[in-house]
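Visitor: Below is one structure. I have some questions about it.
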Amino acid sequence: MHFNWLDILILCIYLLLVLGIGLFAGRPQKHDTEAADYFLAGKGLRWWVIGASLIASNISAEQFIGMSGSGFAIGMGIASYEFMAAITLVVIAVFFLPVFLRMGIYTMPEFLARRFDDRVRTVLAIFWLLVFTFVNLSSILYLGALTIKNVLMAESGFLASNIDPLWPGIILLGIFAAAYSVYGGLRSVAITDVVQVVFLVGGGLFTTWIALRHLGQDSAAAGFQTLLAKAPQKFDMILDRNHPQYANLPGLSVLLGGMWVANLYYWGCNQYIIQRALAAETVREAQSGLAFAGLLKLLLPLIVVIPGIVAWVLTNDPQSNYHGQIAKPDDAYPWLLRNFLPHGVRGLAFAALVAAIVSSLASMMNSIATIFTMDIYRHHIAPQADESKLVRVGRIAALSALLIAMPLAVALQNLEQAFQFIQEFTGFVSPGALAIFLMGLFSRRATARGALWAAIATFVLSLVLKFVWPQLPFLDRMFLVFAICVLLLAAESWLSGKMGTLAVPISRELFRTSSAFKSCAFFIAAVLAFIYTVWW
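Residue numbering for the sequence shown follows our numbering, beginning at 1435 and increasing consecutively.
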């Protein structure tokens, strides 16, 4: 993919803009304590920053490359992760956020400590640090480096023959993300995410529009009709048991089973995501931010799934000049960029990809720093550490995680569908974590010992089921493990005769929302009902 001066100019403007805004936003705020400012942006984020940051952090090469690859291999069914996330954000905003914000917590492990005890906090904190570093951070680096290799570097002759072609991209992405996020903390990450979302949505939609215009001979609408005509099977939202990709999207589990476990955990219990909402000025701002993110989620399949289906149609048509040009699903999106984008748009599209990657890297490093500093270092190593020390430790933790993830990223290049790898192995932690949070939030029956049982069982059961019952789809496995963990929590309470204490008293007033929020929630539900009715 050859760049001309306009492409390079657009890319350079983006890089300088993000770096400048990140460094400016991350300057110390006199009215905040250092730790609160660094890890929670002084608890002053507005709804539009929260919503933009949620989407920018969520969309990475994992979506652009990985989900487009799954769109190529599976079709629109993979968009259920996006569509179901939209309604999940509404649920989280109503039932989870009011409790978390009233408690004034920094991290999800801190909630566990105050609801259960420090043992639960430490076990889950370690789980999260391992998953964030060894699965999430490494996969973001891998997919980002794969993009740079396939789109930019490999055709330029820049790479020496004795260097793994992923390493330059991994190093460049890591340095750029660390340059502002390690310095400025969550405030830098969140404010730059607003800029990132403009590039993400704008560049992504423009790329989809051009791909559809090519397929439809200068008409995007005709291109979409061509997709429906030539690949109707790619628009099945609910796959039947005979579908070759049923193991990845097992039928009604998308609507009624394991997908809910994945989404409720990811958006409601995951430090990487929920940290933005914890930094809101008020509950109302946090809820509005999640509603805004839910609306943006409805757009994402246009950006990250449709291009994969376009690539499938073009390369699987025997009459096409592009027949057979894509050997691996994750190559679909870079292939589109190389072959169909004009100059200027190439720079914009590549900037959108870089924005997605860098934002997710920055967010992940910040979350790792927050959990390690507040739940491991301050609690177990140096309880008397001052604010400046905590910030320094957070910066060191972020950099250390990045250095660990870099070589691991190279090892992921043998995966066929990276998006499915991320979902499956995150699913080793999410069922038990969600069970612990739901019972901790809404049931007095959950006790600390039961939470420990569930925390250990989620990993052990997931690993055992993966090898003993390999044909069980991983979403169904997640739902089964979740149900067992809930039963473990309830059984321990019944056997011990003990009951826990709710972190925050539950009342109807706690869950009140604004009229604007209710309108957004109704709109999201109506759109999803229409989509699943038409493409059932």
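All C-beta atoms, glycine included, are put in the ideal place defined by N, C-alpha and C.
Quick one: Cα of P1461 to Cα of A1831, how far?
Guide: Note that residue 1461 corresponds to Arg in the displayed sequence, not to Pro. Approximately 20 Å between the Cα atoms of the pair.
Visitor: In three-state DSSP terms, what is L1479?
Guide: DSSP places L1479 in strand when its eight states are reduced to three.
Visitor: Give the DSSP-derived three-state secondary structure of A1714 in the structure shown.
Guide: Reduced to three states, the DSSP call for A1714 is strand.
Visitor: Alpha carbon to alpha carbon, how far is D1910 from N1697? Give it in angstroms, no decimals.
Guide: Cα to Cα, N1697 sits roughly 14 Å from D1910.
Visitor: In whole angstroms, what separates the C-alpha of F1458 from that of I1444?
Guide: One C-alpha to the other measures close to 21 Å.
Visitor: Let me know the alpha helix (DSSP H) ranges lying completely inside the region 1887 to 1957, each 4 residues or longer, listed in chain order.
Guide: Correct list: 1908 to 1930.
Visitor: Hey, out of I1574, Q1709, I1740, whose CA is closest to G1509's CA?
Guide: Among I1574, Q1709, I1740, the Cα nearest to that of G1509 belongs to I1740.
Visitor: Is K1762 helix, strand or coil when you go by DSSP?
Guide: DSSP places K1762 in coil when its eight states are reduced to three.
Visitor: Quick one: what's got a C-beta closer than 7 Å to S1653's C-beta in the same chain, skipping five residues either side?
Guide: Same-chain partners within the cutoff: R1647.
Visitor: Apart from the five residues on each side of it in sequence, which residues of its chain come closer than 7 Å, Cβ to Cβ, to S1973?
Guide: Residue 1973 lies beyond the residue range present for the chain, which begins at 1435 and ends at 1970; the question has no answer from this structure.
Visitor: Are the CB atoms of A1959 and I1918 nearer to each other than 8 Å?
Guide: Cβ atoms of A1959 and I1918: not closer than 8 Å.
Visitor: CA-CA distance, F1506 and V1915?
Guide: Looking at the two C-alpha atoms, the distance is approximately 30 Å.
Visitor: Answer with buried or exposed for S1590, where buried requires no fewer than 16 other C-beta atoms within 10 angstroms of its C-beta.
Guide: Here the model assigns S1590 a pLDDT of 48, short of 50, so the residue's position is not dependable, and the following value carries that caveat. It counts as exposed.
Visitor: Rounded to a whole number of angstroms, what is the C-alpha to C-alpha distance between A1711 and S1754?
Guide: So the two alpha carbons sit approximately 48 Å from each other.
Visitor: Nearest to K1731 by alpha carbon, out of G1657, A1786, E1516, I1672?
Guide: The option with the nearest alpha carbon to K1731 is E1516.
Visitor: So what's Y1700 in DSSP terms, helix, strand or just coil?
Guide: Here Y1700 sits in helix by DSSP.
Visitor: Under 8 Å between the Cβ atoms of G1702 and I1526?
Guide: Cβ distance < 8 Å, so G1702 and I1526 count as in contact.
Visitor: Report buried or exposed for S1797, applying the criterion of at least 16 other Cβ atoms within 10 angstroms of its Cβ.
Guide: Buried, by the Cβ-count rule.
Visitor: Quick check: the region 1661 to 1680 against the region 1745 to 1765, are there 3 or more CB pairs under 8 Å?
Guide: They touch, by the three-pair rule.
Visitor: If you run the structure through DSSP and keep just helix, strand and coil, what is H1757?
Guide: H1757: coil per DSSP, three-state reduction.
Visitor: By DSSP, does G1685 sit in helix, in strand, or in coil?
Guide: It is coil, neither helix nor strand.
Visitor: Please determine, among I1499, L1546, L1724, the residue with the shortest C-alpha to C-alpha distance to A1766.
Guide: Nearest option by C-alpha distance: I1499.
Visitor: Should L1634 go down as buried or exposed, given a rule of 16 or more other Cβ atoms within 10 Å for buried?
Guide: Under this definition L1634 is a buried residue.
Visitor: Are the CB atoms of L1923 and A1867 nearer to each other than 8 Å?
Guide: No, they are not a contact pair.
Visitor: Helix, strand or coil: how does DSSP classify V1739 here?
Guide: Note: V1739 maps to coil in three-state DSSP.
Visitor: For V1863, name the three-state secondary structure that DSSP assigns.
Guide: Coil, per DSSP.
Visitor: Could you spell out the range, first to last residue, of the alpha helix (DSSP H) harbouring N1800?
Guide: Here the alpha helix (DSSP H) through N1800 covers 1779 to 1805.
Visitor: Would you kindly report the start and end of the unbroken alpha helix (DSSP H) that includes D1471?
Guide: Residues 1468 to 1474.
Visitor: Quick one: Cα of S1615 to Cα of A1470, how far?
Guide: Straight-line Cα distance between these residues: approximately 15 Å.
Visitor: By how many angstroms is the C-alpha of I1791 removed from the C-alpha of H1757?
Guide: Taking the straight line joining both Cα atoms gives about 30 Å.
Visitor: Taking three-plus beta-carbon pairs below 8 Å as touching, is the region 1598 to 1617 in contact with the region 1518 to 1532?
Guide: The region 1598 to 1617 is not in contact with the region 1518 to 1532.
Visitor: Kindly confirm or deny that the region 1612 to 1632 and the region 1777 to 1784 touch, where touching means at least three C-beta pairs closer than 8 Å.
Guide: No, they do not touch.
Visitor: Which residue's Cα is closest to the Cα of L1729: L1929, F1956, F1610?
Guide: Looking at the Cα atoms, F1956 is the closest of the given residues.
Visitor: Please name the residue, chosen from S1877, I1708, M1693, that lies closest to I1539 on a Cα-to-Cα basis.
Guide: Among S1877, I1708, M1693, the Cα nearest to that of I1539 is on I1708.
Visitor: Can you give the Cα-Cα distance for V1920 and G1503, rounded to whole angstroms?
Guide: Distance between the alpha carbons of V1920 and G1503: 34 Å.
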